[in-house]
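In the UniProt record's numbering, the protein residues as written are 1 to 625. Comments concern the structure below.
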Ligand SMILES: Nc1nc2c(ncn2[C@@H]2O[C@H](COP(=O)(O)OP(=O)(O)O)[C@@H](O)[C@H]2O)c(=O)[nH]1
Ligand SMILES: C=C(OP(=O)(O)O)C(=O)O
Ligand SMILES: [Mn+2]
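Here it is in structure tokens:
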């Protein structure tokens, strides 16, 4: 299969579909025919996105035991799935950026020569879809009406992936028609071939399993070809290829080449009591609070939050010199545990409308779902491992990375601007992570370059969103560590260049937040969730020149009185503790940042070394200390 190029030759390849191939786009037809020839499926089905097809797919998933239909009275048209315990999260050590030149992959990614990887994976793909249906999912990330729609075609042998993609991305025949319209108009619409297989062929007569997958997993991006090959996992970020693989890893390479930004960010619209509207983007690592902040219900009177997205932002400098962001996704794929009517009522209202898929949560006896932190703890339930569960169980009812997958259009606070292909002009960017010490609740960068330094040195405790140890502090630059599709040093330079080539006054102001600082007893210093609206208020007032701050070695920190804590059950000392900048703790960060920067050698923009020297000097540490 040559996904290397989208050759335009007409193709003689056998079209196995029992429905005529609805496309004249030779590239796509060739991609499909050649993949079918390699993977040898029983049949090929072009995904249309029709309601009848949804019924057919979900009924089939219920029949194989992958899906359990939830009680329609509680969650209409919604389904529960439990994965194989070996397939519960993104697998960063099986994720590759196979650039032609290893240097372009950089020190934070896994690399293999692309031809070597293709030979290896063709061996895995050979016959891997035997006994299965090969689905062809035409989709677009972002708007179909965008000036340059970002198309994709995901081939997959997982109906679970098809159903999830139908929620998470604009998919189906109408997308294919748009490609053909553009073709007919003489354009050459860009589309990303994305091949996925669970890697479990079925021999004649062999029954399928509820969660087919393979111990051998590869999640591979070929950046120069803008192609994605995934094998062996059926889970989220590994298999819904429009999300992390396309909209971040491949898109970050496109953005580098074309001068825009593809970032792991939520987008929210904040309206003050006076009617001042600000658009805020925030980059937090997986499971560090993006979805919650994106759908925040403010606790301070008169403030309103509307959402445009909870995970990915594509940002381009507009004619007006401002950074305009769109959310390329069409659904939310949120962490379930900890989500409830108090912490995220908007997410709960969205999933209560139905049409959603829940993975690795618990199943209750009345045909609903439950997870740790949700109201109405059931007396007993079935855990994600399929075992009986009660509140006294040792085991968790739901996996820490269990997810809800739900249509964004169901969200009551979806901003009207979500439907505008231009997106929204970003006023502030927040970087943030999960740090129990050191990082204060919020502080403002000195300027764009300093803000890039803050993003490039962002640190956070690892979470269950990726396989591996949890709670280990690591550098996670711009919260993009697992998603940068190229050399991270070049990525930092790309951020610096955006700052250099544009009017700083028009670019977003950069801030840094930390909801997760703990006191000596291990409790959270800050209540978080809806109370984070107080931090957003300070951010807005800083931009309007109305909030005080004290200059510290790390940036501008709110004075205690400039943070609205009215009605918060917090002592002044507690607020001061949440805002404290401890020089010793930050001095301890310096060698970690030094070691992190040394990874990049001369790929690191010199200006970031200058920023580190500046921080060191402001912390009264002699350089080289
Ligand atoms: N303590 C605390 N936990 C939070 C806060 N916001 C989110 N969380 C928790 O962080 C976890 C992941 O949050 P989520 O918004 O799904 O993260 P995302 O993967 O970045 O979108 C959930 O368990 C939330 O309950 C907060 O402000 N304070
Ligand atoms: C969707 C994922 O990440 P996030 O927690 O950032 O939403 C994922 O890890 O697959
Ligand atoms: Mn998320």
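Virtual Cβ for every residue (Gly too), placed ideally from N, Cα, C.
| Query | Result |
| --- | --- |
| Compute the minimum distance between the beta carbon of residue 476 and the heavy atoms of ligand 3, and state whether it is under 7 Å. | no |
| Out of curiosity, what's the CA-to-CA distance linking residue 13 and residue 23? | Unreliable placement is indicated for residue 13, whose pLDDT of 37 sits below 50; no coordinate value is reported for it. |
| For residue 151 and residue 562, what's the separation of their Cα atoms in angstroms? | 46 Å |
| Which class does residue 440 belong to by DSSP, given the choice of helix, strand or coil? | coil |
| If contacts are defined as beta-carbon pairs under 8 Å, then residue 354 and residue 76 qualify, I think. What distance do you get, rounded to the angstrom? | 3 Å |
| Does residue 103 come out as helix, strand or coil in the three-state DSSP assignment? | helix |
| Does the count of Cβ pairs from the region 468-487 and the region 256-265 closer than 8 Å reach three? | yes |
| Please state the DSSP three-state secondary structure of residue 43. | strand |
| Work out the CA separation of residue 573 and residue 161 for me, nearest whole Å. | 50 Å |
| Give me the Cα-Cα distance between residue 135 and residue 117, rounded to the nearest whole angstrom. | 24 Å |
| The beta strand (DSSP E) with residue 218 in it runs from where to where? | 218-222 |
| Count Cβ pairs between the region 181-188 and the region 50-69 that sit closer than 8 Å; are there 3 or more? | no |
| Which one or two residues does DSSP pair with residue 197 in a beta bridge? | 231 |
| Given a cut-off of 8 Å on the beta-carbon distance, is the pair residue 459 and residue 474 in contact? | yes |
| Evaluate contact between the region 37-55 and the region 121-138, counting only Cβ atoms and requiring at least three cross-stretch pairs below 8 Å. | yes |
| From the DSSP output, in three-state form, read off residue 465 for me. | coil |
| For residue 531, tell me which candidate among 592, 441, 606, 278 has the shortest Cα-Cα distance. | 441 |
| Pull up the distance between the alpha-carbon of residue 403 and that of residue 543, whole angstroms please. | 35 Å |
| May I have a chain-ordered list of the alpha helix (DSSP H) segments no shorter than 4 residues that lie completely inside the region 288-376? | 290-294, 345-352 |
| Beta-carbon within less than 6 Å of residue 106's beta-carbon, same chain only, minus the 5 sequence neighbours each way: which residues are those? | 487, 488 |
| Go through the region 512-585 residue by residue and report every complete run of the alpha helix (DSSP H) that reaches 4 residues or more, in order. | 533-543, 572-579 |
| Identify which residue in 377, 315, 301, 295 has its Cα closest to the Cα of residue 349. | 295 |
| Quick check on DSSP: helix, strand or coil for residue 387? | coil |
| Identify which residue in 431, 290, 490 has its Cα closest to the Cα of residue 259. | 490 |
| In the structure shown, what three-state DSSP assignment does residue 618 receive? | helix |
| Considering only residues of the same chain and omitting the five flanking positions on each side of residue 200, which have a CB-CB separation below 7 Å? | 212, 213, 214 |
| Might you give, ordered along the chain, the residues of its own chain that have their beta carbon closer than 8 Å to the beta carbon of residue 397, omitting 5 neighbours on each side? | 361, 362, 370, 371, 372, 381, 383, 384, 389 |
| Is it true that the CB of residue 154 sits closer than 8 Å to the CB of residue 165? | yes |
| Where does residue 268 fall in DSSP's three states? | strand |
| Using the three-state DSSP reduction, which class does residue 381 fall into: helix, strand or coil? | strand |
| Can you tell me which residues form a DSSP beta bridge with residue 152? | 139, 192 |
| State the Cα-Cα distance for the pair residue 255 and residue 291, rounded to the nearest angstrom. | 24 Å |
| Grouping DSSP H, G and I as helix and E and B as strand, with all else coil, what is residue 48? | coil |
| Would a C-beta distance cut-off of 8 Å place residue 534 and residue 300 closer than the cut-off? | yes |
| Under 7 Å from any heavy atom of ligand 3, does the C-beta of residue 626 make it? | Given that the chain is displayed from residue 1 to residue 625, the structure contains no residue 626 and the question cannot be resolved. |
| What residue from 526, 512, 504 has the CA that sits closest to residue 518's CA? | 526 |
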